[in-house]
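For reference, the structure discussed in these notes is given below.
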Amino acid sequence: MQPSETRTRASRAARLALSALALASLAACANFSGIEPTAKALDAASLGLQNIDASKDAERVATDSDWWQAFGDAQLNALVQKALQDNPGLKTAQARLVRAQAASAAVASVDGPQVNASLDLTRQLYTANSIYPPPFGGNVWDSGTLQASASWELDFFGKNRAALDASLGQIRATQADVRAARGLLAANVARNYFQLVRLQAQQDLAQRTLAQREHIQRLVHDRVNAGLDTELELQQAGSALPDARLQIEILKEQQALTRNALAALTAQPVDALKLELPALDKITPARVAPSMPLDLLGRRSDIAAARWRVEAAGSDVASAKAQLYPNINLVAFAGLSSIGFDKLLKSDSEQWGAGPAIRLPLFDGGRLRANLRGKTAELDAAIESYNNQVLEAVHE
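Residue numbers (our numbering): 227 to 622.
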(Lines of atoms letter the chains of each structure in order from A and count residues from 1; the text may use other names and numbers.)
(Lines give C-alpha, C1' and ligand atoms only; values in the text may rest on other atoms or scores of the structure.)
Protein backbone atom coordinates (compact mmCIF):
# COMPACT_ATOMS: atom_id res chain seq x y z
CA MET A 1 0.00 0.00 0.00
CA GLN A 2 1.38 3.40 -1.01
CA PRO A 3 1.86 6.04 1.70
CA SER A 4 -0.41 8.42 -0.21
CA GLU A 5 -3.20 5.82 -0.24
CA THR A 6 -2.74 5.23 3.48
CA ARG A 7 -2.97 8.94 4.15
CA THR A 8 -6.11 9.19 2.01
CA ARG A 9 -7.84 6.39 3.93
CA ALA A 10 -6.77 7.88 7.24
CA SER A 11 -8.12 11.24 6.15
CA ARG A 12 -11.46 9.67 5.20
CA ALA A 13 -11.67 7.84 8.52
CA ALA A 14 -10.90 11.05 10.36
CA ARG A 15 -13.62 12.90 8.44
CA LEU A 16 -16.14 10.17 9.22
CA ALA A 17 -15.23 10.23 12.89
CA LEU A 18 -15.48 14.01 12.92
CA SER A 19 -18.88 13.86 11.21
CA ALA A 20 -20.13 11.31 13.74
CA LEU A 21 -18.87 13.48 16.59
CA ALA A 22 -20.54 16.55 15.09
CA LEU A 23 -23.78 14.61 14.67
CA ALA A 24 -23.69 13.46 18.28
CA SER A 25 -23.03 17.03 19.39
CA LEU A 26 -25.98 18.31 17.37
CA ALA A 27 -28.23 15.63 18.85
CA ALA A 28 -27.18 16.66 22.34
CA CYS A 29 -28.51 20.15 21.63
CA ALA A 30 -32.12 18.91 21.57
CA ASN A 31 -33.92 20.59 24.47
CA PHE A 32 -36.83 18.83 26.20
CA SER A 33 -36.62 20.72 29.48
CA GLY A 34 -39.94 21.49 31.15
CA ILE A 35 -41.92 19.15 28.90
CA GLU A 36 -42.75 15.91 30.68
CA PRO A 37 -46.02 13.99 31.12
CA THR A 38 -47.62 14.44 34.54
CA ALA A 39 -50.35 11.78 34.50
CA LYS A 40 -49.74 8.21 35.64
CA ALA A 41 -51.76 5.17 34.65
CA LEU A 42 -53.52 3.43 37.52
CA ASP A 43 -51.79 0.38 38.92
CA ALA A 44 -54.01 -2.59 38.11
CA ALA A 45 -52.85 -4.51 41.18
CA SER A 46 -53.93 -1.68 43.49
CA LEU A 47 -57.52 -2.16 42.28
CA GLY A 48 -57.44 -5.90 42.70
CA LEU A 49 -57.05 -6.42 38.97
CA GLN A 50 -54.66 -8.66 37.19
CA ASN A 51 -52.38 -6.93 34.73
CA ILE A 52 -54.32 -5.48 31.81
CA ASP A 53 -52.29 -6.42 28.74
CA ALA A 54 -53.66 -4.58 25.74
CA SER A 55 -51.74 -6.82 23.32
CA LYS A 56 -53.78 -9.88 24.40
CA ASP A 57 -57.22 -8.28 24.62
CA ALA A 58 -58.24 -9.09 21.04
CA GLU A 59 -57.57 -12.80 21.56
CA ARG A 60 -59.41 -12.91 24.88
CA VAL A 61 -62.43 -10.93 23.70
CA ALA A 62 -62.80 -13.12 20.61
CA THR A 63 -63.73 -16.10 22.77
CA ASP A 64 -66.86 -14.28 24.04
CA SER A 65 -67.77 -12.46 20.82
CA ASP A 66 -71.00 -14.42 20.15
CA TRP A 67 -72.28 -14.58 23.71
CA TRP A 68 -75.94 -14.04 22.69
CA GLN A 69 -76.04 -17.52 21.14
CA ALA A 70 -75.95 -18.97 24.64
CA PHE A 71 -79.68 -18.13 24.94
CA GLY A 72 -80.49 -20.62 22.19
CA ASP A 73 -83.00 -18.26 20.54
CA ALA A 74 -82.94 -18.31 16.73
CA GLN A 75 -84.92 -15.05 16.48
CA LEU A 76 -82.48 -13.25 18.75
CA ASN A 77 -79.53 -14.61 16.76
CA ALA A 78 -81.10 -13.35 13.52
CA LEU A 79 -81.80 -9.91 14.99
CA VAL A 80 -78.24 -9.53 16.27
CA GLN A 81 -76.76 -10.62 12.94
CA LYS A 82 -79.03 -8.16 11.11
CA ALA A 83 -77.88 -5.36 13.41
CA LEU A 84 -74.19 -6.27 13.02
CA GLN A 85 -74.61 -6.28 9.26
CA ASP A 86 -76.67 -3.13 8.71
CA ASN A 87 -76.45 -0.82 11.75
CA PRO A 88 -75.06 2.60 10.65
CA GLY A 89 -73.30 3.20 13.97
CA LEU A 90 -71.26 0.01 13.62
CA LYS A 91 -70.50 0.81 9.99
CA THR A 92 -69.18 4.19 11.12
CA ALA A 93 -66.81 2.50 13.58
CA GLN A 94 -65.66 0.13 10.84
CA ALA A 95 -65.02 3.06 8.49
CA ARG A 96 -62.86 4.68 11.17
CA LEU A 97 -60.85 1.46 11.32
CA VAL A 98 -60.25 1.55 7.56
CA ARG A 99 -59.16 5.19 7.88
CA ALA A 100 -56.71 4.30 10.67
CA GLN A 101 -55.28 1.45 8.58
CA ALA A 102 -54.80 3.78 5.60
CA ALA A 103 -53.08 6.37 7.80
CA SER A 104 -50.75 3.69 9.17
CA ALA A 105 -49.86 2.54 5.64
CA ALA A 106 -48.99 6.13 4.74
CA VAL A 107 -46.74 6.44 7.81
CA ALA A 108 -45.04 3.10 7.09
CA SER A 109 -44.21 4.19 3.54
CA VAL A 110 -42.00 7.01 4.83
CA ASP A 111 -39.58 4.54 6.42
CA GLY A 112 -38.36 3.11 3.09
CA PRO A 113 -36.56 4.50 0.06
CA GLN A 114 -38.49 7.02 -2.03
CA VAL A 115 -37.92 6.86 -5.80
CA ASN A 116 -39.31 9.35 -8.32
CA ALA A 117 -38.99 9.98 -12.04
CA SER A 118 -39.50 13.30 -13.77
CA LEU A 119 -39.51 14.80 -17.24
CA ASP A 120 -39.28 18.59 -17.58
CA LEU A 121 -39.51 20.27 -20.99
CA THR A 122 -39.34 24.06 -21.03
CA ARG A 123 -38.76 26.93 -23.43
CA GLN A 124 -37.18 29.93 -21.77
CA LEU A 125 -35.22 33.11 -22.22
CA TYR A 126 -31.80 32.73 -20.60
CA THR A 127 -30.49 35.88 -18.96
CA ALA A 128 -27.43 37.48 -20.47
CA ASN A 129 -26.21 38.54 -17.01
CA SER A 130 -25.65 35.17 -15.41
CA ILE A 131 -23.53 32.07 -15.91
CA TYR A 132 -24.79 31.35 -19.43
CA PRO A 133 -22.37 32.57 -22.12
CA PRO A 134 -23.42 33.52 -25.65
CA PRO A 135 -25.13 32.22 -27.67
CA PHE A 136 -27.28 30.93 -24.74
CA GLY A 137 -27.39 34.07 -22.64
CA GLY A 138 -29.85 36.61 -23.99
CA ASN A 139 -31.63 34.11 -26.26
CA VAL A 140 -34.60 31.75 -26.11
CA TRP A 141 -33.77 28.05 -25.96
CA ASP A 142 -35.49 24.76 -25.35
CA SER A 143 -34.27 22.76 -22.37
CA GLY A 144 -35.13 19.30 -21.13
CA THR A 145 -34.39 17.10 -18.14
CA LEU A 146 -35.21 13.40 -17.85
CA GLN A 147 -34.22 12.21 -14.41
CA ALA A 148 -34.72 9.59 -11.72
CA SER A 149 -34.14 10.54 -8.10
CA ALA A 150 -34.07 8.58 -4.87
CA SER A 151 -33.91 9.44 -1.19
CA TRP A 152 -33.82 7.43 1.99
CA GLU A 153 -34.23 8.91 5.43
CA LEU A 154 -31.96 7.16 7.91
CA ASP A 155 -34.09 6.93 11.02
CA PHE A 156 -31.20 7.14 13.50
CA PHE A 157 -33.30 8.71 16.24
CA GLY A 158 -36.45 6.62 15.81
CA LYS A 159 -38.80 9.35 14.57
CA ASN A 160 -40.38 7.22 11.85
CA ARG A 161 -40.41 4.09 14.00
CA ALA A 162 -42.24 5.93 16.77
CA ALA A 163 -44.70 7.42 14.28
CA LEU A 164 -45.40 3.93 12.93
CA ASP A 165 -45.87 2.58 16.46
CA ALA A 166 -48.33 5.39 17.15
CA SER A 167 -50.32 4.62 14.00
CA LEU A 168 -50.37 0.90 14.84
CA GLY A 169 -51.59 1.79 18.32
CA GLN A 170 -54.41 3.82 16.80
CA ILE A 171 -55.34 0.84 14.61
CA ARG A 172 -55.53 -1.44 17.64
CA ALA A 173 -57.51 1.15 19.58
CA THR A 174 -59.94 1.51 16.69
CA GLN A 175 -60.21 -2.27 16.41
CA ALA A 176 -61.11 -2.33 20.10
CA ASP A 177 -63.66 0.44 19.44
CA VAL A 178 -65.25 -1.72 16.74
CA ARG A 179 -65.39 -4.66 19.14
CA ALA A 180 -66.90 -2.41 21.81
CA ALA A 181 -69.49 -1.04 19.36
CA ARG A 182 -70.26 -4.57 18.23
CA GLY A 183 -70.71 -5.79 21.80
CA LEU A 184 -72.81 -2.79 22.82
CA LEU A 185 -75.01 -3.14 19.75
CA ALA A 186 -75.59 -6.84 20.41
CA ALA A 187 -76.34 -6.10 24.07
CA ASN A 188 -78.89 -3.42 23.15
CA VAL A 189 -80.58 -5.75 20.67
CA ALA A 190 -80.77 -8.53 23.27
CA ARG A 191 -81.97 -6.12 25.96
CA ASN A 192 -84.80 -4.77 23.81
CA TYR A 193 -85.74 -8.25 22.59
CA PHE A 194 -86.07 -9.62 26.10
CA GLN A 195 -87.81 -6.43 27.18
CA LEU A 196 -90.35 -7.10 24.45
CA VAL A 197 -90.77 -10.68 25.67
CA ARG A 198 -91.25 -9.44 29.23
CA LEU A 199 -93.77 -6.78 28.21
CA GLN A 200 -95.75 -9.33 26.20
CA ALA A 201 -95.83 -11.64 29.22
CA GLN A 202 -96.99 -8.75 31.41
CA GLN A 203 -99.68 -7.83 28.88
CA ASP A 204 -100.90 -11.44 28.75
CA LEU A 205 -101.11 -11.44 32.54
CA ALA A 206 -102.92 -8.08 32.53
CA GLN A 207 -105.38 -9.39 29.93
CA ARG A 208 -106.11 -12.44 32.08
CA THR A 209 -106.50 -10.23 35.15
CA LEU A 210 -108.94 -7.98 33.27
CA ALA A 211 -110.91 -10.98 32.02
CA GLN A 212 -111.09 -12.36 35.56
CA ARG A 213 -112.32 -9.04 36.98
CA GLU A 214 -114.90 -8.69 34.22
CA HIS A 215 -116.10 -12.21 35.01
CA ILE A 216 -116.38 -11.33 38.70
CA GLN A 217 -118.31 -8.17 37.79
CA ARG A 218 -120.78 -10.22 35.73
CA LEU A 219 -121.26 -12.66 38.61
CA VAL A 220 -121.93 -9.81 41.05
CA HIS A 221 -124.31 -8.26 38.53
CA ASP A 222 -126.25 -11.53 38.37
CA ARG A 223 -126.30 -11.71 42.17
CA VAL A 224 -127.66 -8.14 42.33
CA ASN A 225 -130.41 -9.08 39.88
CA ALA A 226 -131.17 -12.09 42.07
CA GLY A 227 -131.33 -9.85 45.15
CA LEU A 228 -128.29 -11.52 46.74
CA ASP A 229 -126.00 -8.45 46.55
CA THR A 230 -126.45 -4.70 46.55
CA GLU A 231 -125.37 -2.01 44.11
CA LEU A 232 -122.48 -1.24 46.44
CA GLU A 233 -120.95 -4.67 45.83
CA LEU A 234 -121.46 -4.17 42.08
CA GLN A 235 -119.66 -0.83 42.16
CA GLN A 236 -116.81 -2.34 44.14
CA ALA A 237 -116.48 -5.20 41.65
CA GLY A 238 -116.26 -2.77 38.73
CA SER A 239 -113.96 -0.20 40.37
CA ALA A 240 -110.76 -2.05 39.39
CA LEU A 241 -111.66 -2.39 35.71
CA PRO A 242 -110.51 1.09 34.52
CA ASP A 243 -107.08 0.61 36.11
CA ALA A 244 -106.73 -2.83 34.54
CA ARG A 245 -107.61 -1.47 31.09
CA LEU A 246 -105.22 1.46 31.56
CA GLN A 247 -102.42 -0.93 32.52
CA ILE A 248 -102.95 -2.86 29.29
CA GLU A 249 -102.76 0.35 27.22
CA ILE A 250 -99.55 1.37 29.00
CA LEU A 251 -98.01 -2.03 28.26
CA LYS A 252 -99.04 -1.77 24.59
CA GLU A 253 -97.40 1.66 24.34
CA GLN A 254 -94.21 0.34 25.94
CA GLN A 255 -94.19 -2.55 23.49
CA ALA A 256 -94.53 -0.14 20.56
CA LEU A 257 -91.61 1.95 21.83
CA THR A 258 -89.48 -1.15 22.34
CA ARG A 259 -90.33 -2.42 18.85
CA ASN A 260 -89.32 0.95 17.41
CA ALA A 261 -86.01 0.79 19.27
CA LEU A 262 -85.38 -2.77 18.07
CA ALA A 263 -86.21 -1.79 14.49
CA ALA A 264 -83.80 1.16 14.66
CA LEU A 265 -81.01 -1.05 16.04
CA THR A 266 -81.50 -3.57 13.25
CA ALA A 267 -81.88 -0.86 10.56
CA GLN A 268 -85.30 -1.92 9.29
CA PRO A 269 -88.88 -0.57 9.33
CA VAL A 270 -91.07 -1.51 12.27
CA ASP A 271 -93.49 -3.27 9.92
CA ALA A 272 -90.66 -5.57 8.79
CA LEU A 273 -90.11 -6.71 12.36
CA LYS A 274 -92.09 -9.95 12.32
CA LEU A 275 -91.56 -11.68 15.65
CA GLU A 276 -93.13 -14.68 17.30
CA LEU A 277 -92.20 -13.95 20.87
CA PRO A 278 -91.51 -16.97 23.05
CA ALA A 279 -93.07 -17.43 26.44
CA LEU A 280 -90.98 -15.93 29.20
CA ASP A 281 -90.49 -19.29 30.89
CA LYS A 282 -89.26 -20.87 27.63
CA ILE A 283 -86.14 -18.71 27.40
CA THR A 284 -82.94 -20.62 28.14
CA PRO A 285 -80.92 -18.67 30.72
CA ALA A 286 -77.36 -17.93 29.61
CA ARG A 287 -74.71 -19.53 31.74
CA VAL A 288 -73.05 -16.75 33.70
CA ALA A 289 -70.59 -17.21 36.51
CA PRO A 290 -72.06 -16.28 39.92
CA SER A 291 -69.44 -13.57 40.28
CA MET A 292 -67.19 -11.88 37.76
CA PRO A 293 -63.63 -11.42 39.03
CA LEU A 294 -62.24 -7.97 38.54
CA ASP A 295 -59.38 -9.25 36.40
CA LEU A 296 -61.96 -9.90 33.63
CA LEU A 297 -62.29 -6.13 33.22
CA GLY A 298 -59.13 -6.33 31.17
CA ARG A 299 -61.19 -8.08 28.51
CA ARG A 300 -63.51 -5.11 28.06
CA SER A 301 -63.01 -3.61 24.63
CA ASP A 302 -63.50 -0.04 25.84
CA ILE A 303 -60.68 -0.45 28.36
CA ALA A 304 -58.50 -2.11 25.73
CA ALA A 305 -59.12 0.83 23.36
CA ALA A 306 -58.20 3.34 26.07
CA ARG A 307 -55.01 1.41 26.86
CA TRP A 308 -53.98 1.31 23.20
CA ARG A 309 -54.55 5.06 22.94
CA VAL A 310 -52.14 5.54 25.82
CA GLU A 311 -49.56 3.44 23.93
CA ALA A 312 -50.17 5.42 20.73
CA ALA A 313 -49.90 8.77 22.52
CA GLY A 314 -46.61 7.67 24.10
CA SER A 315 -45.23 6.84 20.65
CA ASP A 316 -46.42 10.23 19.37
CA VAL A 317 -44.39 11.89 22.13
CA ALA A 318 -41.30 9.87 21.14
CA SER A 319 -41.75 10.88 17.50
CA ALA A 320 -42.17 14.55 18.47
CA LYS A 321 -38.94 14.39 20.49
CA ALA A 322 -37.08 12.84 17.56
CA GLN A 323 -38.08 15.78 15.36
CA LEU A 324 -35.74 17.93 17.45
CA TYR A 325 -32.79 15.75 16.40
CA PRO A 326 -30.90 16.01 13.08
CA ASN A 327 -32.64 14.65 10.01
CA ILE A 328 -30.31 12.54 7.84
CA ASN A 329 -31.10 11.52 4.28
CA LEU A 330 -29.20 9.72 1.55
CA VAL A 331 -30.04 11.32 -1.79
CA ALA A 332 -29.12 10.41 -5.35
CA PHE A 333 -30.17 11.32 -8.86
CA ALA A 334 -29.26 10.26 -12.38
CA GLY A 335 -30.58 11.29 -15.75
CA LEU A 336 -30.21 13.41 -18.83
CA SER A 337 -30.25 17.19 -19.19
CA SER A 338 -29.62 19.41 -22.16
CA ILE A 339 -30.27 22.77 -23.73
CA GLY A 340 -32.05 21.85 -26.91
CA PHE A 341 -34.42 18.92 -27.15
CA ASP A 342 -32.41 17.30 -29.95
CA LYS A 343 -29.52 16.63 -27.55
CA LEU A 344 -31.52 15.33 -24.59
CA LEU A 345 -31.08 11.63 -25.35
CA LYS A 346 -27.39 11.81 -26.23
CA SER A 347 -24.83 10.15 -23.98
CA ASP A 348 -22.98 13.36 -23.18
CA SER A 349 -26.21 14.76 -21.64
CA GLU A 350 -25.83 12.42 -18.69
CA GLN A 351 -25.75 13.81 -15.16
CA TRP A 352 -25.80 12.21 -11.73
CA GLY A 353 -25.13 12.96 -8.13
CA ALA A 354 -25.25 11.31 -4.72
CA GLY A 355 -24.54 12.17 -1.12
CA PRO A 356 -25.90 12.70 2.37
CA ALA A 357 -28.20 15.53 3.41
CA ILE A 358 -28.25 16.53 7.09
CA ARG A 359 -30.69 19.06 8.47
CA LEU A 360 -31.00 20.30 12.03
CA PRO A 361 -33.76 22.63 13.24
CA LEU A 362 -31.81 25.49 14.84
CA PHE A 363 -34.56 28.08 15.06
CA ASP A 364 -38.22 27.51 14.25
CA GLY A 365 -39.92 29.99 16.53
CA GLY A 366 -40.66 27.26 19.08
CA ARG A 367 -42.80 25.22 16.67
CA LEU A 368 -41.24 21.82 17.45
CA ARG A 369 -41.27 22.36 21.21
CA ALA A 370 -44.89 23.46 20.99
CA ASN A 371 -45.65 20.29 19.04
CA LEU A 372 -43.90 18.22 21.72
CA ARG A 373 -45.81 20.01 24.45
CA GLY A 374 -49.08 19.32 22.66
CA LYS A 375 -48.27 15.62 22.18
CA THR A 376 -47.32 15.36 25.85
CA ALA A 377 -50.64 16.91 26.85
CA GLU A 378 -52.41 14.39 24.60
CA LEU A 379 -50.56 11.61 26.43
CA ASP A 380 -51.72 13.00 29.79
CA ALA A 381 -55.29 13.15 28.47
CA ALA A 382 -55.09 9.57 27.17
CA ILE A 383 -53.79 8.31 30.53
CA GLU A 384 -56.51 10.10 32.49
CA SER A 385 -59.16 8.82 30.07
CA TYR A 386 -57.86 5.29 30.61
CA ASN A 387 -57.87 5.77 34.39
CA ASN A 388 -61.45 7.06 34.28
CA GLN A 389 -62.52 4.12 32.11
CA VAL A 390 -61.01 1.62 34.55
CA LEU A 391 -62.54 3.27 37.63
CA GLU A 392 -65.98 3.44 36.04
CA ALA A 393 -65.76 -0.22 35.06
CA VAL A 394 -64.70 -1.28 38.55
CA HIS A 395 -67.65 0.52 40.15
CA GLU A 396 -70.30 -0.54 37.64
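A virtual CB, placed ideally from N, CA and C, is assigned to each residue, including glycine.
Query	Result
Nearest residue (CA-CA) to GLN301, options ARG434, LEU422, ASN257 and LEU472	LEU422
Length of the line joining the Cα atoms of ASP368 and PRO359	16 Å
Run of the beta strand (DSSP E) containing GLU502, from where it starts to where it stops	Unbroken run through GLU502: none, as it is neither H nor E.
Classification of VAL336 by the beta-carbon crowding that lies within 10 angstroms, buried from 16 upward	exposed
VAL336 in three-state terms, based on DSSP	coil
Whether THR510 touches ASN418 by CB criterion (9 Å)	no
N- and C-terminal bounds of the alpha helix (DSSP H) containing ARG593	593-621
Same chain only: Cβ atoms within 8 Å of LEU380, ignoring 5 sequence neighbours per side	ILE554, ASN555 and LEU556
ILE476 - DSSP class collapsed to helix/strand/coil	helix
Where TRP534 falls, given that 16 or more other Cβ within 10 Å makes a residue buried	buried
Where ALA374 falls, given that 16 or more other Cβ within 10 Å makes a residue buried	exposed
ARG408 burial status per 10 Å Cβ neighbour count (16 or more: buried)	buried
Per-residue burial, GLN350 [other beta carbons within 10 Å of its own, 16 or more giving buried]	exposed
Cβ pair count under 8 Å reaching 3, the region 261-268 against the region 606-622	yes
From SER393, LEU605 and VAL306, residue whose alpha carbon lies closest to that of LEU410	VAL306
Closest residue to PRO339 among ALA321, ALA531, ARG398 and ASN386 (Cα-Cα distance)	ASN386
Inter-residue Cα distance where the pair is GLN426 and TRP293	24 Å
Three CB pairs or more closer than 8 Å across the region 392-401 and the region 569-576	no
Rounded C-alpha distance that separates GLN433 from GLN480	15 Å
CB-CB length for ILE442 against ALA463, believed under 8 Å	5 Å
Boundaries of the beta strand (DSSP E) in which ASN555 is found, first to last residue	553-565
Straight-line Cα distance separating ARG595 from ALA531	28 Å
One or two residues paired with ARG349 in a DSSP bridge	ASP368
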